[in-house]
Structure formats: structure tokens, C-alpha cells
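In the numbering used here, the protein residues as written are 4 to 380.
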């Protein structure tokens, strides 16, 4: 996703992140030999984590340690990983889709997205599965200025100049395909991830994230209009809990314990005051910056608490839906799975629901612990 500060620095590193996704087929091709021995193989586990010892696991984050991982920070802070039986859960800063590291066995879980995982499966037959999703809604949007092009509907894209990052070209094509718009009806202007061209009037619209660039422009004093992909023909899940087929088959109880800890952490995000959560995020962000002097957190400077709070509010709208209220955090309905696969097909990646998803562990969790569904309190 995106950092909370440092737009100029972000444009460079975020481009790297997206190019990782665009190049994942090449990365995955050389790393399809899975690690034969993975953490947790020797754990004695029952139906719950009591007495289980899963040792250490590594989790690849999609971006730097900001509000996107507030639930993970609560899982650390409130001991949910400890309760689950882990001696250590190593959260690794991105940007990284996690695909190559999953396939090489370097990490056991990746917080990725349906496009990255789906592309790896479609293009390289990568043995990967999404076992749950934090974001129920695609965070992409076409951002415009309300006093400018004011792009409110897909039809409003016709005849406009739209700033699109090279690595997002396939996903932009998907929103055109989904709405019957011919590519020659829109002028695509190559941009990076800095929304300055939109603010300067060089483009009418800008491919952005609801949780990042849309907030950056708004905080710069502009009234903005969003055309969210999720509401306009391209719904798919993001911030996905993704694993290899082998790790899933051999470590179901470990993953079950891990997801329970994650559910508890993200429940705290919804139940604790925003100010407390922002303070917690700042603590983990600053710790990561201090531990990695040459890392991305350091590049972006001090965390902006105002934007972080806004980002949290924007994320909650992507995480919590009527379906998650009924079925629990991270669950993915059959309808949303089908919509995700259709959205990937519109972008040129053909996969089946069965190839992309296995959410049976979440089914087990909520069948055994239905009280965990009440994340809103």
C-alpha cells in the first residue's frame, strides 16, 4: 500500500513495489522449488493453541510498518502471538508482494494481494493459496479533483487524461474492460506514484489508493472525488494471508493459531480508540526505523499522526463489510471469490476460485470460536 509521509521518496520506492508485482512471474519462475522443511512441522497441536509450541515464523509485509499492519502490532503488544504458541513472529517490512519469498521458503506467510498471487498462479502455475483477506475491497481508485475533472462514474473516464503507473497498466485496463470502455477512448499518461501531476492539472485523473494518495491530495487542501475500483466493476481482495500449498497442507494447526491471533489483533483495531492505535503504530514505525537505518521507514521520516488516523478510518471501510460482520474478519464469501477471479480475468490473469482460494481454516475457526465474529463489540 503506501506510507504516511514523504511523497517524493515514496514515489521511488512505491514504483519498486509495483514493479516487483509486475516482474513476479520472472521471480517466481526461478524459485518454484519449495523448502522441504518449514517452521512448525514438529509442533504438537490440538484443536486449540493451548500447550502448542510452533516456534518461529516469518511474515512478509506488503509495505513499511505503518497503519496497514495495526492489527499485527496489537497481536504483538497484547501477547496474542505468544498465546497462540509462537516463540517469535518476525514481521518483515516491504515493499514486497511476498511471492518469491513464499516460493523459496524464506517466509511462511505473506500479506499480499489477489492480483500478485493470481498472476503468479496464472503465469507460472505457482503453488500458492489465499487463506484469508484483511481488505474485502480493492483499495484502488481513480482520483480526481472535485473542482477539476470530477470523475464520478466510469463513463466520465472517456476523453480524459488519466495518470497510470506502468506497473498498474493491467489493473487500469481491467476497469475499462469491466465498463465497456475502449482503451482508445482514454488517454493514458505515464506517471509514478507522486500525485503532483494531478494537483498541477497535468492529468484529469490519477490511479491511486484510497488509503494513501487520495489522503495526500486532500491534506494538501484539495477537494477530491474518488472512483473506487471495488464499486465500479473490479472488486478483489487485498492484504491477503497467502501461503504455499505445501505449507498449508503440512501446517494447518499452526496457521489456525496464527489466524486466531490475527483476528484478535484486528478486533482491537476496531474496538480501541483511534488515538491509542495511532500511538501504537508510531511506536512500531519508529522502532522499525531505528532498527533499519537504511530502511524505508527511515526514508519517510516522522510518521504523520493526522494522516495515519485518516488512513485507519479509510482502511476500516475496506476491511469491515456486511459479510464480515456476519461471518467474521478475513472471511471471503463465495460471491466475492467469484468476483475476484472475474476481476483478475479482466486484467488478463485466468485462474479458478479453487486455484486461488482455500479459506477452510477460517471456517474451522469460526465454527469452533463463534465469539470471534463480534469484532465490532
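Positions of the beta carbon are idealized from the N, C-alpha and C atoms, including for glycine.
query = In whole angstroms, what is the alpha-carbon distance linking residue 235 and residue 164?
reply = As the crow flies, the alpha-carbon of residue 235 is around 19 Å from that of residue 164.
ask   = What alpha helix (DSSP H) runs, 4 residues minimum, are completely inside the stretch 316–351?
value = Counting only runs of 4 or more, we get 325–330 and 337–349.
ask   = How would you call residue 147, buried or exposed, if buried means at least 16 neighbouring beta carbons within 10 angstroms?
value = Residue 147 counts as buried, since at least 16 other C-beta atoms from the protein chains shown sit within 10 angstroms of its C-beta.
query = So is residue 33 buried or exposed if we call it buried at 16+ other beta carbons inside 10 Å?
reply = At residue 33 the pLDDT is 39, less than 50, meaning the model places this residue with poor confidence and gives no usable figure here.
query = DSSP state of residue 190, grouped into three classes?
reply = For residue 190, the three-state secondary structure derived from DSSP is strand.
ask   = Just the Cα atoms here: how many angstroms apart are residue 244 and residue 187?
value = So the two alpha carbons sit approximately 37 Å from each other.
task = Mind checking who residue 116 pairs with in its DSSP beta bridge?
result = Partner(s): 241.
task = Grab me the residues of residue 281's own chain with a C-beta within less than 6 Å of its C-beta, minus the 5 sequence neighbours each way, in chain order.
result = Only 308, 311 and 312 meet the Cβ criterion.
request  = May I ask you to report which of helix, strand or coil DSSP gives residue 32?
outcome  = At residue 32 the pLDDT is 37, less than 50, meaning the model places this residue with poor confidence and gives no usable figure here.
request  = Tell me, to the nearest whole angstrom, how far the beta carbon of residue 2 is from that of residue 333; I am working on the premise that it is less than 8 Å.
outcome  = Residue 2 falls outside the range modelled here, since the chain spans only 4 to 380, and no answer is possible.
request  = Quick one: using the 10 Å Cβ neighbour count with 16 as the cut-off for buried, is residue 363 buried or exposed?
outcome  = Label assigned to residue 363: exposed.
query = residue 215 by DSSP, collapsed to three states: which one?
reply = Secondary structure of residue 215 (DSSP, three-state): coil.
message = Once DSSP output is grouped into helix, strand and coil, what is the label at residue 89?
response = If DSSP states are grouped into helix, strand and coil, residue 89 belongs with the strands.
ask   = If we call anything under 8 Å between Cβ atoms a contact, is residue 100 one with residue 322?
value = No; because the gap between Cβ atoms is not below 8 Å, this pair is not in contact.
key: Neighbour-count burial assignment, residue 314, 16 or more Cβ in a 10 Å radius   = With 16 or more other Cβ atoms within 10 Å, it is buried.
Environment of residue 215 [buried if 16+ CB atoms lie within 10 Å] = Label assigned to residue 215: buried.
task = Could you spell out the range, first to last residue, of the beta strand (DSSP E) harbouring residue 144?
result = Residue 144 -> beta strand (DSSP E) spans 143–148.
key: Three-way DSSP call (helix, strand, coil) for residue 59 in this model   = Judged by DSSP in its simplified three-state form, residue 59 adopts strand.
query = So what does residue 230 bridge to, in DSSP terms?
reply = DSSP output for residue 230 lists 145 as bridge partner(s).
Any beta strand (DSSP E) of 3 or more consecutive residues that is wholly inside the stretch 252–316 = As summarised for the stretch 252–316, there are no continuous beta strand (DSSP E) elements at least 3 residues long confined to that stretch.
inquiry  = Do residue 257 and residue 134 count as a contact pair if the criterion is CB distance below 8 Å?
reply    = Against a cut-off of 8 Å, the Cβ pair of residue 257 and residue 134 comes out as no contact.
task = Could you tell me which residues DSSP pairs with residue 210 in its beta bridges?
result = Note: residue 210 sits in a beta bridge opposite 145.
message = Just verifying my parser: in three-state terms, what is the DSSP assignment at residue 136?
response = Correct three-state label for residue 136: strand.
request  = Taking all protein chains shown into account, decide if residue 110 is buried (16 or more other Cβ within 10 angstroms of its Cβ) or exposed.
outcome  = Under the 10 Å beta carbon count, residue 110 is surrounded by 16 or more other beta carbons and is classified as buried.
ask   = Expressed to the nearest angstrom, what Euclidean distance is found between the alpha-carbon atoms of residue 359 and residue 189?
value = Approximately 32 Å, taken between the alpha carbons.
query = What residue does the beta strand (DSSP E) around residue 164 start on, and which one ends it?
reply = If you look at residue 164, you'll find it in the beta strand (DSSP E) that goes 164–167.
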